[in-house]
Structure formats: C-alpha cells, structure tokens
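The structure appears below as structure tokens.
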Amino acid sequence: MRSDDFMTGEELGNTLLASIRQMKQGKAARETQVEVPKAAEIRHRMGLSQGEFAKLLDVSPGTLRGWEQGRRVPTGTARTLLRVAEKHPEALTDLLMRLGNRGMYHAQAEVIQNSQTHSEHIERPVHSMEGLLGSNRMA
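For the sequence shown, position 120 matches number 120 in UniProt numbering, and the numbering has no gaps at all.
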C-alpha cells in the first residue's frame, strides 16, 4: 500500500479477495450480535404480521414498530399480554380467532362483564394469571 493511505485498484482487489478467503474459512474480522426485542421475537414465533399482532394487543402498528425497533418499551396491559404470549402463545392465538375484527379492548370489556355476572369467579383470574405468568419480568 502506498504511504498516503490510498489503495490502488489492484491493492483493493487483493485486500477484498483476502477478506473473502477469511470469511469462507470462518475467520471473520468481527461479529455483530443484534438483540431482537421481545415483542418482535414473540410475534415471529406466533407467525403473525405486525398488523395482526398490533390488533391482538390493541395497540397501533406504529407503537408495535417502536417496540420492535427498540425505541419504545411496552407497559401496562400490553406488557402483560406479551408475557402471556411468550409463555402461552396458544392462549392469545385462540383469543385472536375469537375476536375476529374486534380488538383487545372489546375482549377486556367482555371479561369484565362476564366476571360481574359471575362474581364467584372474580378472584380466580387474578390468581391464575399470577401462576400463568410467574414472577419473570420481560427484558
């Protein structure tokens, strides 16, 4: 290489070929590891589009994109639903099929309405939710 830190075309070609040989031998100069946010990981595992998953969680697709890109962090009910989806995706998939075109807000209203008519069952969902989710927090 010349002293002024510029490569000739031939030098650049040789350097690139050497780099390709190293990569083929598994000798990468550096590795970049990307941590996938939980929301994206869970959505992919469930096989849902961003629109479907956002609808299921009753959030806007923009909010979901923010979570998946690491710009925002889910809180409240959405965080709880993500924990359920992580541990028991079949529960939310079943809920998605039942909801059809309605969002999670309507499902929550139905749960509240049903629990008010069946007051003996009000305490059970809280206890079973604790057991279902455990004490692990989402990262």
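Backbone N, C-alpha and C define an ideal beta-carbon position, used for all residues, glycine too.
{"Query": "Check this for me: beta carbons of E68 and A85, under 8 Å apart or not?", "Result": "no"}
{"Query": "With F6 as the anchor, note down where its alpha helix (DSSP H) starts and where it stops.", "Result": "Note, F6: premise wrong, no alpha helix (DSSP H); not H, not E."}
{"Query": "At a cut of 8 Å, does the region 16 to 31 reach the region 43 to 62 through at least three beta carbon pairs?", "Result": "no"}
{"Query": "Could you tell me if K38 is buried or exposed, where buried requires 16 or more neighbouring beta carbons within 10 angstroms of its beta carbon?", "Result": "buried"}
{"Query": "Assuming L57 contacts A78 under a Cβ cut-off of 8 Å, what Cβ separation, rounded to an integer in Å, is found between them?", "Result": "5 Å"}
{"Query": "Nearest-angstrom Cα distance between V73 and R43?", "Result": "15 Å"}
{"Query": "Please report the straight-line C-alpha distance between D5 and S19, rounded to a whole angstrom.", "Result": "18 Å"}
{"Query": "Go to K87, then tell me how far its alpha helix (DSSP H) extends in each direction, as first and last residue.", "Result": "G76 to K87"}
{"Query": "Can you look up E123 in the DSSP assignment and give me helix, strand or coil?", "Result": "Note on E123: pLDDT 42, under 50, position unreliable in the model; the coordinate value appears next. Helix, per DSSP."}
{"Query": "If distances are taken between C-alpha atoms only, which option among E35, T93 and T32 comes closest to A54?", "Result": "T93"}
{"Query": "Among the residues of its own chain, which have a CB less than 6 Å from the CB of E10, if the five just before and after it don't count?", "Result": "none"}
{"Query": "From G62 to R83, what distance separates their C-alpha atoms?", "Result": "20 Å"}
{"Query": "Just to confirm my understanding: we take L81, look at its own chain, exclude 5 residues before and 5 after, and list those with CB closer than 6 Å. What are they?", "Result": "L57"}
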